[in-house]
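J.: Once you've had a glance at the structure underneath, I'll fire off some questions.
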Amino acid sequence: MDWLADQGATVDQRIDLLANRLVLIAPRGSDIAPFTPGDGTSIATRLGAGERLSVGNTDHVPAGIYAKQALESLGEWPALQARLASGDNVRAAMALVERGEAPLGIVYQTDAEASDGVRQIGVFPDASHTPITYPMAVVTPSPSAATETLRQWLAGDAARRIFIRYGFTPLTGD
Numbered sequence: 024m025d026w027l028a029d030q031g032a033t034v035d036q037r038i039d040l041l042a043n044r045l046v047l048i049a050p051r052g053s054d055i056a057p058f059t060p061g062d063g064t065s066i067a068t069r070l071g072a073g074e075r076l077s078v079g080n081t082d083h084v085p086a087g088i089y090a091k092q093a094l095e096s097l098g099e100w101p102a103l104q105a106r107l108a109s110g111d112n113v114r115a116a117m118a119l120v121e122r123g124e125a126p127l128g129i130v131y132q133t134d135a136e137a138s139d140g141v142r143q144i145g146v147f148p149d150a151s152h153t154p155i156t157y158p159m160a161v162v163t164p165s166p167s168a169a170t171e172t173l174r175q176w177l178a179g180d181a182a183r184r185i186f187i188r189y190g191f192t193p194l195t196g197d
C-alpha cells in the first residue's frame, strides 16, 4: 500500500484491516516445552548442536524481516544469525519444521494455525517487531458501488468471523 502511494496512486479510505502475530513453532510431535520468546529462555539453547532455526529470508521475505527484528530486539540475533535455515517464503520455512528438518521456526500465527504438522511453542512480544498489519484502501479516483460494497463487507462482522477463524486479529468491524 505504501509503495502504491509512493508511485502516485490515489490511496483513499486506508485502514489497517487485520493484524497477525509472529510465533515460534516446532514439529507437531516435538517435546520442546512452550515458552515466551524474550522471557529469559534463549531460543539458541533450545537448538541442539548443528541444528538450525527456520525462517523466511531475513533480507526480503516479510516474515523473515519481522523475525530478524524480533531476534534483534530480544538480543538473540548474534547467537542465531549463523544458525538460520532461510526459506524463500514463510511457507517454505514452515515446511522445514513440518518435515522435522529444523526443530524450530518462526512464522506467522495464521500459517502455524493452518498447518497440521507444527505446534506453536511461543508468541513473540508485539513490541519486539514492527506491527504485522494488512491494510485496505480504495485505489481508484472514484470507487464503484461494487468496490464500496466489498470494502464494507471486509470491515464487517461476517468477514470478521472468517478472519478470526483463520487466526487473524481484525482491527475494524461494525
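Counting in the working numbering, the sequence shown runs from 24 upward without gaps. Backbone N, C-alpha and C fix where the C-beta goes; we use that ideal spot for every residue, glycine too. What you are looking at is a predicted structure, and each value in this text was computed from that prediction instead of being measured.
Grab me the residues of A181's own chain with a C-beta within less than 7 Å of its C-beta, minus the 5 sequence neighbours each way, in chain order.
T.: Excluding positions up to five away in sequence, the list is empty.
J.: Using beta-carbon positions only, say whether V161 and D134 come within less than 8 Å of one another.
T.: Against a cut-off of 8 Å, the Cβ pair of D134 and V161 comes out as no contact.
J.: Which residues in the same chain as F177 place their Cβ atom closer than 7 Å to its Cβ, once the five residues preceding and following it in sequence are excluded?
T.: The sequence shown places Leu at residue 177, rather than the Phe named in the question. Only L40 and M159 meet the Cβ criterion.
J.: When the Cα atoms are used, what is the spatial distance from T33 to R122?
T.: Near 44 Å, if we compare the C-alpha coordinates of R122 and T33.
J.: Under the assumption that V141 contacts I48 (Cβ atoms under 8 Å), give the Cβ distance between them as a whole number of angstroms.
T.: Yes, they are in contact, since the Cβ atoms of V141 and I48 sit about 4 Å apart, within 8 Å.
J.: Closest to A18 by C-alpha separation, out of E74, N43 and H83, would be which residue?
T.: Lying before the first or after the last residue shown, residue 18 is absent from the chain, which here runs from 24 to 197.
J.: With H, G and I counted as helix, E and B as strand and the rest as coil, what does DSSP make of T153?
T.: Here T153 sits in coil by DSSP.
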